[in-house]
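Presented below is the structure to which this report refers.
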Amino acid sequence: MRIAIFGSGYVGLVTGACLADGGHHVTCIDVDRTRVDMLRSGGCPIWEPGLEDMIRANTAQGRLNFTDDAAEGLRDARVAFIAVGTPQSPDGSADLTYVDAVARDIGRLTENRLLIANKSTVPVGTAARVQDIVDDALSHRENRPTITVCSNPEFLKEGAAIQDFKHSERIVIGTSCPEDEQTMRDVYKPLNWQHEKILAMDVPSAELTKYAANAMLATKISFMNEIATIAEATGADVEKIRVGIGSDSRIGYPFLYAGAGYGGSCFPKDVAALAHTARTTGCQPRILDAVDAVNVTQKASLFRKLARAVPSLEGATVAVWGLAFKPKTDDVREAPSLDLVRSLIEAGANVRAYDPVAMETFRAALGRQADRVVFTGGNLDALTGADALAICTEWEEFRMFDPDRLASRMRGRVIVDGRNLYDPSRVAEGGFHYISVGRREAEPTVSADAR
Ligand SMILES: NC(=O)c1ccc[n+]([C@@H]2O[C@H](COP(=O)([O-])OP(=O)(O)OC[C@H]3O[C@@H](n4cnc5c(N)ncnc54)[C@H](O)[C@@H]3O)[C@@H](O)[C@H]2O)c1
80 MRIAIFGSGY VGLVTGACLA DGGHHVTCID VDRTRVDMLR SGGCPIWEPG
130 LEDMIRANTA QGRLNFTDDA AEGLRDARVA FIAVGTPQSP DGSADLTYVD
180 AVARDIGRLT ENRLLIANKS TVPVGTAARV QDIVDDALSH RENRPTITVC
230 SNPEFLKEGA AIQDFKHSER IVIGTSCPED EQTMRDVYKP LNWQHEKILA
280 MDVPSAELTK YAANAMLATK ISFMNEIATI AEATGADVEK IRVGIGSDSR
330 IGYPFLYAGA GYGGSCFPKD VAALAHTART TGCQPRILDA VDAVNVTQKA
380 SLFRKLARAV PSLEGATVAV WGLAFKPKTD DVREAPSLDL VRSLIEAGAN
430 VRAYDPVAME TFRAALGRQA DRVVFTGGNL DALTGADALA ICTEWEEFRM
480 FDPDRLASRM RGRVIVDGRN LYDPSRVAEG GFHYISVGRR EAEPTVSADA
530 R
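Quick note on numbering: my numbering labels position 2 of the sequence shown as 81, and the sequence is numbered without any gaps.
Written out as structure tokens, the structure reads:
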């Protein structure tokens, strides 16, 4: 089948590469010419494990193409996915500017029967809105091919996006049209062979399922962060609590880690957009508001802990390990590291930052303030002369605690760990003051220099 995909970001590229890998002929369309040129020349604008190789292999086979020309991308396509961004508007709602623009292009340029599958995360009513925009564009044309719209939300997670797309737990298709449902079944046939994964439902339920999924995951994180705060105040250990409740099969282990707050391009904006939908429909999003409020407080907690542990941050040097909002991605959108580094800069601290893959995206996100940060070539390099180390992302390379290597480079003996990577007693025995999340603060039991 010929498939067009609007948007060559995390979702569009993974969808395009995986569907091409499954034998479809896919053209990815993006308005960003630089991005298209890079993809055409074999590069990949985002860091996602396995993606670049898969793009290259399918481009070489002639099944995957890239263009900034929507008419070219739509030629002979039977299905067009919308996978453009839906960022947060100032009032919390999802900004549908990019989705609307794609709908207008499709209505203007499509020559044949087309099914639009909306993969962007969008509020209930967006499929109908896209249909209206398309119909309006068609009304000004002589050739009026049949164009319909379905919802097909995406549940992949960055860092494991290919695995998630190819071996997804469910494929949600929202449509009331049997022909469109069958077309989507044909699209997903290469990925739906082992057992039935397709959940067909009405459009509003499909649109809301995506928000409900992300809101549920964000709720689990904020819940554990609230428990962590209570644990800190009462002398309990959130890691023990995590195992204690995760072992209950009604609760389960995943997503019960306390940390530095959730970030990324989805949870913060999706919680806000769902709350906005609730408010505009006369519902009170009490849980969603609390989830967001806890997260805002949690994201500020690393800085608060550092400010308490380092006598004066002005002029102090702080090493920051991990900039991506989670491991195995270069995405820094809404990352806790951004809040921390901005606060450190405002407090007059010198920041030495390191991340295995996200330094360029972080530099871009920080804008002019990036001049105030020293980006280092390795994690040990970041420690040089540091009064404190702050850990924002649980990359594997940070997981082994080696007090001698840390002590030989750092000036101070403070570690603020937003990911609970180390055993507090071992860090204390290594001569460091260790402040993690939801666990007892550990004071050094020996002088690091005496070891
Ligand atoms: N990133 C994720 O992990 C994830 C997971 C599930 C769902 N989603 C949702 O998927 C959507 C896309 O997210 P993303 O992270 O891939 O976004 P992204 O910002 O990485 O990519 C969006 C791309 O769309 C392009 N674009 C904008 N307007 C366009 C137009 N008119 N025509 C063609 N291309 C256009 C941009 O240039 C950009 O390359 C969002 O709604 C997001 O909430 C994201």
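Ideal placement from N, C-alpha and C gives every residue a C-beta, glycine not left out.
Are there any heavy atoms of ligand 1 lying less than 6 Å away from the beta-carbon of residue i, as far as the coordinates show?
i	result
Phe541	Given a span of 80 to 530 for the chain in the structure shown, any question on residue 541 remains unanswerable.
Phe85	yes
Glu233	yes
Glu151	no
Asp409	no
Ile108	yes
Thr396	no
Gly253	no
Thr138	no
Ser165	Note that residue 165 is Thr in the sequence shown here, rather than Ser. Correct: Thr165 has its Cβ closer than 6 Å to ligand 1.
Ala180	yes
Glu47	Residue 47 is absent from the structure shown; the chain starts at 80 and stops at 530.
Ala156	no
Ser247	no
Ser380	no
Buried or exposed for residue i, please, with buried defined as at least 16 other CB atoms from any protein chain shown within 10 angstroms of its CB.
i	result
Trp272	exposed
Ser526	exposed
Asp132	exposed
Tyr290	buried
Ser87	buried
Tyr89	buried
Ala139	exposed
Lys407	buried
Val370	buried
Arg321	buried
Ile125	buried
Lys405	buried
Glu233	buried
His274	exposed
Arg220	exposed
Val375	exposed
Lys378	buried
Tyr332	exposed
Gly491	buried
Cys345	buried
Met489	buried
Please check the pair residue i and residue j, which I expect to be a contact at CB under 8 Å, by giving their CB distance rounded to whole angstroms.
i	j	result
Ala372	Pro364	In fact, because the Cβ distance is near 11 Å, the residues do not count as touching under 8 Å.
Gly517	Val317	3 Å
Phe480	Asn458	Contact doesn't hold; Cβ gap of about 12 Å is too wide.
Val93	Leu143	About 12 Å separates the two Cβ atoms, so there is no contact after all.
Gly314	Arg505	Not really, about 19 Å apart at Cβ, beyond 8 Å.
Glu473	Leu445	In fact, because the Cβ distance is near 21 Å, the residues do not count as touching under 8 Å.
Ala83	Ala180	At roughly 15 Å, the Cβ-Cβ gap does not stay under 8 Å, so Ala83 and Ala180 are not in contact.
Worksheet entry | the stretch 372-392 touching the stretch 452-462, judged by at least three CB pairs closer than 8 Å | no
Worksheet item: Between the stretch 197-210 and the stretch 235-244, are three or more C-beta pairs nearer than 8 Å?
Response: no
Practice prompt. Assess, as a yes-or-no matter, whether the stretch 182-197 is touched by the stretch 222-230 under the definition of 3 or more beta carbon pairs within less than 8 Å.
Written response: yes
Discussion item. Can you confirm whether the stretch 347-357 touches the stretch 275-286 when touching is taken to mean that 3 or more C-beta pairs between the two stretches lie within less than 8 Å?
Written reply: no
Discussion item. If contact is defined by three or more beta carbon pairs under 8 Å, each pair taking one atom from either stretch, is the stretch 173-193 in contact with the stretch 136-153?
Written reply: yes
Worksheet item: Between the stretch 294-310 and the stretch 421-441, do at least 3 Cβ pairs fall closer than 8 Å?
Response: no
Discussion item. Any contact between the stretch 251-261 and the stretch 101-116? By contact I mean 3 or more CB pairs, one from each, below 8 Å.
Written reply: no
Discussion item. With three or more beta-carbon pairs closer than 8 Å as the criterion, would you say the stretch 400-414 touches the stretch 504-521?
Written reply: no
Item to complete: For the stretch 435-442 and the stretch 406-423, state whether three or more C-beta atom pairs, one from each stretch, are separated by less than 8 Å.
Response: yes
Item to complete: Examine the Cβ distances between the stretch 302-316 and the stretch 329-346 and report whether three or more of them are shorter than 8 Å.
Response: yes
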